[in-house]
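A short write-up of the structure that comes next.
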Amino acid sequence: MNDKWLGTPPDVIIPRLRSLLTDLENLAVPNQFAGVNDAVIIRHCMMAQRSVPCLIGEMTGHPHIRNGPGITSELFYLDRKRQLARTLSHWYRFDQGLL
C-alpha cells in the first residue's frame, strides 16, 4: 500500500482517535464514566487475535454492519466486569460475558 495513512485519510482517522481519547480519559477518572447508551450488542462473544486484539461474535445494532456474525476492529479497552469494550470507532457490550 502506497498510502502513508494506511487507507484511512486524516480527516477520518483524527476525529475517530479524538473520540477514542475522550472516552478513555473519561474512563480513567473515578466516578466520571456514566455509561454507554449506544453500544453495539455482541453475543456469543470471545476475544480473538488478528494482528491486534479484537472481538468476534453475533452483533446487533451496528450502524454499518448487518446484524449477525462479525469481527471488530482493534480493541483499545476491554472491561470484563462492566462487560464493555471500545474499538477505534464503537462501543460494544457483551451482556452474556465472554466465552
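Okay, so the sequence shown: first residue is 227 according to my numbering, each after it adds one.
No residue lacks a Cβ here, since even glycine has one placed at the ideal position from N, Cα and C.
Here the structure is a predicted model, which is why all the values come from computation and not from measurement.
Can the beta-carbon of residue i be found less than 8 Å from the beta-carbon of residue j?
i    : j    : result
L281 : I268 : yes
P279 : L301 : yes
G287 : V255 : no
L325 : H270 : yes
G323 : Q309 : yes
Are there 16 or more other CB atoms within 10 angstroms of the CB of residue i, so buried, or fewer, so exposed?
i    : result
L243 : exposed
A222 : Given a span of 227 to 325 for the chain in the structure shown, any question on residue 222 remains unanswerable.
R194 : In this structure the chain extends from 227 to 325, so residue 194 is not present and cannot be described.
T234 : exposed
So residue i and residue j are supposed to be a Cβ contact under 8 Å. How far apart are they, rounded?
i    : j    : result
G283 : M272 : 7 Å
S315 : S299 : 7 Å
Which residues bound the alpha helix (DSSP H) around residue i?
i    : result
P236 : P236 to A254
So who's on the other strand from residue i, going by DSSP bridges?
i    : result
V266 : Y318
A274 : C280
L304 : A311
L324 : C271
How far does the beta strand (DSSP E) with residue i in it reach, from first residue to last?
i    : result
P295 : G294 to I297
Return no unless some Cβ of chain C is closer than 8 Å to the Cβ of residue i.
i    : result
A274 : Chain labels in this structure do not include chain C; a single protein chain is all it has.
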